[in-house]
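Enquirer: Okay, handing you the structure first.
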Amino acid sequence: MGVPTKMNKYLWFVLIFAGIVNFFDGWCSIAITLAMSGIGGGINLDFRRITNPDFFTYFDIAGNPVTMGIVLSIAGIGVMASVSFKYLVDKHGRRPLTLWTSIAFITFSVLISFSPPGSDGLVIFLIFRILANYFLSADIVVLIMAEEAPNDLRGSLIGMVLALGAIGGIACGIIQATGMRVQISSEILLTTWQSIFFLTSIGYFFIIPLFFFLKETKRFDAMKKYEEWRKKRGLKPKIGWFTPWKKEFRRVMILGSIIGFLGTLVGFAQLTFFALYFAKDLNMSPELIGIASLPLLLATGTGTFIAGSILDRWGRVPTIHRAGAMTLIGLVIFSWPAVFVCGDLFNPLIIILIIAGGMLGIFGGTLLTTAGVILGIEITPTHIRSTAGGWTGTISRGATVLAPFLMMFGAEKLGGLGLSYQFMFMLMIFPLSTAIFAAYLLAPEGKGRELEEIVVTEIYTKQKKMREKKHKEPYYFYLLSFAVAFCCTFIYSLTTGSS
Numbered sequence: 001m002g003v004p005t006k007m008n009k010y011l012w013f014v015l016i017f018a019g020i021v022n023f024f025d026g027w028c029s030i031a032i033t034l035a036m037s038g039i040g041g042g043i044n045l046d047f048r049r050i051t052n053p054d055f056f057t058y059f060d061i062a063g064n065p066v067t068m069g070i071v072l073s074i075a076g077i078g079v080m081a082s083v084s085f086k087y088l089v090d091k092h093g094r095r096p097l098t099l100w101t102s103i104a105f106i107t108f109s110v111l112i113s114f115s116p117p118g119s120d121g122l123v124i125f126l127i128f129r130i131l132a133n134y135f136l137s138a139d140i141v142v143l144i145m146a147e148e149a150p151n152d153l154r155g156s157l158i159g160m161v162l163a164l165g166a167i168g169g170i171a172c173g174i175i176q177a178t179g180m181r182v183q184i185s186s187e188i189l190l191t192t193w194q195s196i197f198f199l200t201s202i203g204y205f206f207i208i209p210l211f212f213f214l215k216e217t218k219r220f221d222a223m224k225k226y227e228e229w230r231k232k233r234g235l236k237p238k239i240g241w242f243t244p245w246k247k248e249f250r251r252v253m254i255l256g257s258i259i260g261f262l263g264t265l266v267g268f269a270q271l272t273f274f275a276l277y278f279a280k281d282l283n284m285s286p287e288l289i290g291i292a293s294l295p296l297l298l299a300t301g302t303g304t305f306i307a308g309s310i311l312d313r314w315g316r317v318p319t320i321h322r323a324g325a326m327t328l329i330g331l332v333i334f335s336w337p338a339v340f341v342c343g344d345l346f347n348p349l350i351i352i353l354i355i356a357g358g359m360l361g362i363f364g365g366t367l368l369t370t371a372g373v374i375l376g377i378e379i380t381p382t383h384i385r386s387t388a389g390g391w392t393g394t395i396s397r398g399a400t401v402l403a404p405f406l407m408m409f410g411a412e413k414l415g416g417l418g419l420s421y422q423f424m425f426m427l428m429i430f431p432l433s434t435a436i437f438a439a440y441l442l443a444p445e446g447k448g449r450e451l452e453e454i455v456v457t458e459i460y461t462k463q464k465k466m467r468e469k470k471h472k473e474p475y476y477f478y479l480l481s482f483a484v485a486f487c488c489t490f491i492y493s494l495t496t497g498s499s
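Next comes the structure, spelled out in structure tokens:
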């Protein structure tokens, strides 16, 4: 495990470039969550809101979970719409789209920090956030890394690229924890949450110069030559918006959409919700939330960094199964201790236990997510790889719109007992179990084969399928997941007096 050894200079360059792009993607992904962590907190919160206004105070809106859920849901629309240019990546190339999407993504993220105060400013904030999400570019650099990497190092290299996204989140958490503010001029002093978005401008100084050393992938060039050959002979092109949904690819698309949507629902619910969970149920201040986020983000980075090596050693499908069980246990530990928090009592031991459970769950979750990403890349051919990823990504990221509203509205309106946020976390066990079940029974193994050889039509050959080898274990695991979820829910109901 660790850093790959069979590397050439250009592969090192691609790894560094893709890692930098993913760093700022991870930065901005958690920035909006930390910006909205001002709900709850200690007795000095009102004073801090005057000297360093939080998100809700700045835009003069109600600081409650329902409002937070609505804002996050609207902001997630841009990610769903990003499929519209994924086809262009397959048509025009990985290299040119990488520059345009990266620059646009950073530009709109920086513009977010200059949104004016008040309710009108919130509208501008949402427009910029939607546009930034639309140009989310990390998917393209992961694709480049996958197509440039040799077969035996692909998992490790992609894992390292994804790990840089977690490190970006850690850096963002440090700024939140320290309350750092950027002084633009003698008259303009940004708040902490504005500073987080503004500092993404650092990406300009890395991405633009390095881009000129980036080459188009050899696999894409070969695919374009093949398409030109077909065009000269009057044959229909294989590239199109809806090509991934043809019969020979449909099974993989459905599988990727199910796993992606449910996995994103779990992951994004935690990502956007842990700050509110800590503030309202554990009575933590925004600064303490920033500190508490660091070990969680460290677990994310560690899991993502070593995920590739684990995937190359265990295989994609077994990793999904084992990491899913780990995530399930972590979710339970992360969820249930908060029922013992009474009133405004601050309990460090319970907080430590919850963070430990969160680290375990996030570590397993990163393995699960990385395995799903690599598996999806490996079982789709070059000519539809970006378009297929765009479709599954759009469907998956539909959860980024659903999750905040579901969690915030559900916790506030359906729970209604104060200590209801950890209960919503426990409900995430159900979609997680479904995702694991679908992956384990349906996914073909892609490890150890050339990308050109992994065509979806092979799924329909007479090769022995995974479910023919192990037809009992997944079902037992799936039923066990529901049993654990039911017991945790029952314990929660007894301790809170809910029905």
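In terms of this note's numbering, the sequence shown has 131 at position 131, counting the first letter as 1, and numbering is strictly consecutive. Glycine residues also receive a C-beta, built at the ideal position from the N, C-alpha and C atoms.
Near Val182, what residues of its chain come up, given a Cβ to Cβ distance below 6 Å and the 5 sequence neighbours on each side ignored?
Expert: Cβ within range, chain order: Leu190, Ser195 and Phe198.
Enquirer: Note down, in chain order, each residue of its chain lying with its Cβ closer than 6 Å to the Cβ of Ile30, except the 5 sequence neighbours on either side.
Expert: Counting only Cβ-Cβ distances below 6 Å, and skipping sequence neighbours, we find Gly169 and Cys172.
Enquirer: Whose CA, out of Thr380, Thr366, Ile74 and Asp25, lies closest to the CA of Ser102?
Expert: It is Asp25 whose Cα lies nearest to the Cα of Ser102.
Enquirer: Might you give, ordered along the chain, the residues of its own chain that have their beta carbon closer than 8 Å to the beta carbon of Thr88, omitting 5 neighbours on each side?
Expert: In the sequence as presented, Thr is not what sits at residue 88; that position holds Leu. Result list for Leu88: Leu97, in chain order.
Enquirer: With which residues is Gln183 paired in a DSSP beta bridge?
Expert: In DSSP, Gln183 forms a bridge with Leu189.
Enquirer: By DSSP, does Arg154 sit in helix, in strand, or in coil?
Expert: Here Arg154 sits in helix by DSSP.
Enquirer: Mind checking Ala307: buried by the 16 CB within 10 Å criterion, or exposed?
Expert: Ala307 should be labelled buried.
Enquirer: In chain order, what residues of the same chain lie with their CB nearer than 7 Å to the CB of Val110, ignoring the 5 residues before and after it?
Expert: Taken in chain order, the residues that qualify are Phe197, Phe198, Thr200 and Ser201.
Enquirer: Any idea what DSSP makes of Met36, helix, strand or coil?
Expert: Correct three-state label for Met36: coil.
Enquirer: Which residue's Cα is closest to the Cα of Gly165: Lys218, Phe305 and Lys91?
Expert: The candidate whose alpha carbon is nearest that of Gly165 is Phe305.
Enquirer: Are the CB atoms of Ile106 and Gly203 within a distance shorter than 8 Å?
Expert: Against a cut-off of 8 Å, the Cβ pair of Ile106 and Gly203 comes out as a contact.
Enquirer: Under 8 Å by Cβ, that's how I've got Gly290 and Ala177 pegged, so tell me the actual separation to the nearest angstrom.
Expert: Indeed they touch by this definition, with Cβ atoms about 3 Å apart.
Enquirer: Nearest-angstrom Cα distance between Gly303 and Pro295?
Expert: Between Gly303 and Pro295, the C-alpha separation is close to 12 Å.
Enquirer: Beta-carbon within less than 6 Å of Phe211's beta-carbon, same chain only, minus the 5 sequence neighbours each way: which residues are those?
Expert: These residues qualify, in order along the chain: Leu99.
Enquirer: Once you ignore the five residues that flank Ile362 on each side, which residues in its own chain have a CB closer than 6 Å to its CB?
Expert: Excluding positions up to five away in sequence, the list reads Leu296, Ala299 and Thr300.
Enquirer: As a quick exercise: from Ile374, Ile74 and Gly330, pick the residue whose alpha carbon is nearest that of Val317.
Expert: Of the candidates Ile374, Ile74 and Gly330, the one whose C-alpha sits nearest the C-alpha of Val317 is Ile374.
Enquirer: Identify which residue in Phe220, Ile167 and Trp193 has its Cα closest to the Cα of Gly179.
Expert: Gly179 has its Cα closest to that of Trp193, out of Phe220, Ile167 and Trp193.
Enquirer: Please tell me whether Ile124 and Pro117 are closer than 8 Å, where the distance is taken between their beta carbons.
Expert: Their beta carbons are not under 8 Å apart, which means Ile124 does not touch Pro117 by this criterion.
Enquirer: By the three-class DSSP mapping on this structure, what secondary structure does Asp54 have?
Expert: Three-state DSSP puts Asp54 in coil, outside helix and strand.
Enquirer: Quick one: using the 10 Å Cβ neighbour count with 16 as the cut-off for buried, is Glu228 buried or exposed?
Expert: Its Cβ having fewer than 16 others within 10 Å, Glu228 is exposed.
Enquirer: Under the three-state reduction of DSSP, which class applies to Ala149: helix, strand or coil?
Expert: Note: Ala149 maps to coil in three-state DSSP.
Enquirer: Mind checking whether Phe220 and Glu148 have CB atoms under 8 Å apart?
Expert: Cβ atoms of Phe220 and Glu148: not closer than 8 Å.
Enquirer: Using CA coordinates, which residue listed in Ile167, Lys224 and Leu162 is at the minimum distance from Leu15?
Expert: Nearest of Ile167, Lys224 and Leu162 to Leu15, Cα basis: Leu162.
Enquirer: Helix, strand or coil, according to DSSP, for Glu248 in the structure here?
Expert: Helix.
Enquirer: Between Thr380, Arg95, Met253 and Thr67, which has its C-alpha nearest Phe17's C-alpha?
Expert: Residue Arg95 is the option with its Cα nearest to Phe17.
Enquirer: Using only CA atoms, which one of Ile127, Leu72 and Ser257 lies nearest to Leu34?
Expert: Checking every option, the nearest Cα to that of Leu34 belongs to Leu72.
Enquirer: Could you tell me the distance, in whole angstroms, from the CA atom of Ile188 to the CA atom of Ile174?
Expert: Using only the alpha carbons, I get a separation of about 22 Å.
Enquirer: Going straight from the alpha carbon of Ile208 to that of His92, what length do you get?
Expert: About 19 Å.
Enquirer: Just verifying my parser: in three-state terms, what is the DSSP assignment at Leu214?
Expert: Three-state result, Leu214: coil.
Enquirer: Between which two residues does the alpha helix (DSSP H) harbouring Gly121 extend?
Expert: From DSSP, the alpha helix (DSSP H) with Gly121 extends over Ser119 to Tyr134.
Enquirer: Apart from the five residues just before and just after Asp312, which ones in its own chain have a Cβ nearer than 8 Å to its Cβ?
Expert: Once the five neighbours on either side are set aside, the close Cβ partners of Asp312 are Asp152, Leu153, Arg154, Gly155, Ser156 and Lys447.
Enquirer: Sorted by chain position, which residues of the same chain lie with C-beta nearer than 7 Å to Phe206's C-beta, five sequence neighbours on each side aside?
Expert: Cβ within range, chain order: Ile20.
Enquirer: Specify the secondary structure class of Asn22 as computed by DSSP and reduced to three states.
Expert: If DSSP states are grouped into helix, strand and coil, Asn22 belongs with the helices.
Enquirer: Would a C-beta distance cut-off of 8 Å place Ala388 and Pro244 closer than the cut-off?
Expert: Cβ atoms of Ala388 and Pro244: closer than 8 Å.
Enquirer: Taking the alpha-carbon positions, what's the Lys465 to Ile32 distance?
Expert: With a pLDDT of only 42 at Lys465, under 50, the local geometry of the prediction cannot be trusted, and the value read off the model is given with reservation. When rounded, the distance between both Cα atoms is 43 Å.
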